[in-house]
Amino acid sequence: GAGVSQSPRYKVAKRGQDVALRCDPISGHVSLFWYQQALGQGPEFLTYFQNEAQLDKSGLPSDRFFAERPEGSVSTLKIQRTQQEDSAVYLCASSPNGGGQGLDEQFFGPGTRLTVL
Amino acid sequence: DQQVKQNSPSLSVQEGRISILNCDYTNSMFDYFLWYKKYPAEGPTFLISISSIKDKNEDGRFTVFLNKSAKHLSLHIVPSQPGDSAVYFCAASAWNAGNMLTFGGGTRLMVKP
Chain R
1 GAGVSQSPRY KVAKRGQDVA LRCDPISGHV SLFWYQQALG QGPEFLTYFQ
51 NEAQLDKSGL PSDRFFAERP EGSVSTLKIQ RTQQEDSAVY LCASSPNGGG
101 QGLDEQFFGP GTRLTVL
Chain V
118 DQQVKQNSPS LSVQEGRISI LNCDYTNSMF DYFLWYKKYP AEGPTFLISI
168 SSIKDKNEDG RFTVFLNKSA KHLSLHIVPS QPGDSAVYFC AASAWNAGNM
218 LTFGGGTRLM VKP
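Chains R and V are the protein sequences, given in the same order.
Residues in the first sequence are numbered from 1 upward in steps of one, following this note's numbering.
Residues in the second sequence are numbered from 118 upward in steps of one, following this note's numbering.
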């Protein structure tokens, strides 16, 4: 079956430009996560959705970052007025159930590599 | 302040020998620990996990050990194979954190034929 897909795979943006990164989770998965992975580091949590509800956005680094999942499936991470420090791989993951039901395995997409010049 | 640390950025092992990857954590609320494997240009894939009520979990060539008092876990791969060459991430989760994962910085394992 299809796994988690992300698009675009690579994005080059000029500083100050807005970008939108898309995540298609595994069909039927309730939970969706966004992580940011800087070069040479592990992924860091950004935000979490349960269906269309954004239950945790504590990891978003600034108000330039915004995520949505309006119909509880596809999610978009938007970064406004990109800065060089935003350069990273943005990973999306989905899991079958919501929180509180024991830990579900998170299935990761291949990521979008964002380079801000 | 890193809550999950992998102090060895890289490890080189001969094929057939044991690989031991280590991970330390500081947050006593963590109650579930996972290892993920990552190949270049791919997302991390789940390898093995362990609940805090256990001290060992085994799956084929992979065994994870948890020492709660030391806040330390390790992944053993026996025997190591060249296809195991990848970056390995340790991750932890707390029951009250909505399944959010906190990752270590990763260890690059190279298994030489």
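A virtual CB, placed ideally from N, CA and C, is assigned to each residue, including glycine.
Treat the numbers as computed from the prediction; the structure is a model and nothing was measured.
Contact note: residue 84 (chain R) does not reach chain V at a C-beta cutoff of 8 Å; the least C-beta distance is about 21 Å.
Per DSSP, the unbroken beta strand (DSSP E) holding residue 54 (chain R) starts and ends at 53 to 56. Across the structure, residue 124 (chain V) and residue 9 (chain R) are spaced so that their CA atoms are roughly 30 Å apart. With its beta carbon at least 8 Å from every one in chain R, residue 226 (chain V) lies outside the interface.
The beta carbon of residue 59 (chain R) lies closer than 7 Å to those of 44, 45, 46, 47 in the same chain, with the five residues before and after it left out. In terms of Cβ geometry, residue 76 (chain R) and residue 22 (chain R) form a close pair [threshold 8 Å]. Of all residues in the region 120 to 143 of chain V, none places a beta-carbon less than 7 Å from a beta-carbon of chain R. Rounded to whole angstroms, the Cβ separation of residue 112 (chain R) and residue 12 (chain R) is 11 Å, and the two are not in contact under 8 Å.
Classified as exposed, residue 15 (chain R) has fewer than 16 neighbouring CB atoms from the shown chains inside 10 Å of its CB.
Shown here, residue 86 (chain R) sits in a helix according to DSSP, grouped into three states. In the three-state scheme derived from DSSP, where H, G and I count as helix and E and B as strand, residue 24 (chain R) is classed as strand. At least one beta carbon of chain V lies nearer than 8 Å to the beta carbon of residue 106 (chain R). Counting every other CB atom within 10 Å of its CB across the protein chains shown gives residue 79 (chain R) a total of 16 or more, marking it as buried. For the region 158 to 174 of chain V, the set of residues with a beta-carbon nearer than 9 Å to any beta-carbon of chain R comprises 158, 159, 160, 161, 162, 163, 166, 168, in chain order.
Residue 214 (chain V) and residue 198 (chain V) have their C-alpha atoms roughly 36 Å apart.
Residues 23, 24, 109, 110 of the same chain have their beta carbon placed closer than 8 Å to that of residue 5 (chain R), with the five preceding and five following residues left out of the count. In the structure shown, the three-state DSSP call for residue 148 (chain V) is strand. In this chain, residue 73 (chain R) is not harboured by any beta strand (DSSP E), its DSSP state being neither H nor E. Contact between the region 127 to 145 of chain V and the region 30 to 40 of chain R is absent: fewer than three C-beta pairs spanning the two stretches fall below 8 Å. Just so you know, the alpha carbons of residue 27 (chain R) and residue 74 (chain R) end up roughly 9 Å apart.
DSSP places residue 18 (chain R) outside both helix and strand once states are collapsed to three, so it counts as coil. Chain-ordered listing is empty here: chain V has no CB closer than 8 Å to the CB of residue 24 (chain R), the nearest sitting near 13 Å.
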